[in-house]
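*Asks:* Quick one: the structure is below, questions incoming.
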Amino acid sequence: MQSYYTKTTFTNTSLVRKKKRQLRERIIFYIAGIVISIIAAFFLTRFCAFGITMHGDSMRPAIDDGQFCIASRLSYKIGSPKQNDIVVFRTGNESSSYYIKRVIGVPGDTVQIADGKILVNGEEIEKQGSEEILSGGLASSEITLGDNQYFVLGDNYNNSEDSRVSSIGNIKKENIIGKIKLRLW
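Have a look at this one:
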């Protein structure tokens, strides 16, 4: 015959084991959730989207200095940049800086900046803002874009390093990293 004391001790021991098992399961659940979140964040930023902060005034008034933006990496894996898209690109190798500019010309277009006007295929396009363009730079004479080449300008035309200067020039599609989708603070 089993005594009351032995039965109570056995029940308490099994409750303690059950609580320890539940605690262990809960800890494993939280650790698994954290690991999955880190892996998902890595894949999202590596393959889908990333955050970038604008440095400088070259895209004013559309994007201000210090403004944080979200860029989509997928946009141009599926399609190609179009006129007026705001893109993030590098000029060459992986160690070069990121630039944020607006696409003005796409492959096959002829671009020229003359008399303060932006001409694409001989037709004037609407400028961003009312600022007069003081220098056409390389685009003072017509530039015909080749395959996979894009002509980009900053919206702050007189304070922007863009396709008008030889250090940047026409941008190759493989150097375009993403499209600005969201402008935050």
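Heads up: the sequence shown begins at 4 in this note's numbering, then just goes up one per residue. From the three backbone atoms N, C-alpha and C, an ideal C-beta is built for every residue, glycine too.
Check the C-beta distance from Ile183 over to Val91 and give it rounded, since I have them as a contact under 8 Å.
*Replies:* In this structure Ile183 is in contact with Val91, their Cβ atoms being roughly 7 Å apart against a cut-off of 8 Å.
*Asks:* Which value, in whole angstroms, describes the spacing of the CA atoms of Ala43 and Asp150?
*Replies:* Between Ala43 and Asp150, the C-alpha separation is close to 35 Å.
*Asks:* Straight-line CA distance for Ala74 to Phe53?
*Replies:* 5 Å
*Asks:* Note down the Cα distance separating Arg167 from Thr48, rounded to an integer number of angstroms.
*Replies:* 31 Å
*Asks:* Should Thr94 and Ile171 be called a contact, given that it needs their Cβ atoms to be closer than 8 Å?
*Replies:* yes
*Asks:* So which of Ser169, Leu156 and Trp188 has the shortest CA-CA distance to Asp88?
*Replies:* Leu156
*Asks:* Can you tell me whether Phe154 is buried or exposed? The criterion is at least 16 other CB atoms within 10 Å of its CB, across all chains shown.
*Replies:* buried
*Asks:* Who does Cys72 pair with in a DSSP beta bridge?
*Replies:* Ile55 and Arg186
*Asks:* Relative to the C-alpha of Glu2, which candidate in Ile41, Arg63 and Val114 has its C-alpha closest?
*Replies:* Nothing about residue 2 can be reported from this structure: the residues present for the chain run from 4 to 188 only.
*Asks:* Using 8 Å for Cβ pairs, my map puts Asp158 next to Arg76. What's the rounded Cβ distance?
*Replies:* Not quite, the Cβ-Cβ distance comes to about 23 Å (not below 8 Å), so this is no contact.
*Asks:* For Gly181, write down the residues that DSSP places opposite it in a beta bridge.
*Replies:* Val91
*Asks:* Only counting the same chain, and skipping five residues up and downstream in sequence, which positions put a Cβ closer than 8 Å to that of Asn173?
*Replies:* Ile146, Leu148, Gly149, Gln152, Tyr153, Phe154 and Ser166
*Asks:* In angstroms, rounded to a whole number, what distance separates the CA positions of Val59 and Tyr102?
*Replies:* Here residue 59 turns out to be Gly, not Val, going by the sequence shown. Their Cα atoms are separated by approximately 10 Å.
*Asks:* On the DSSP bridge list, what partners appear for Thr147?
*Replies:* Thr113
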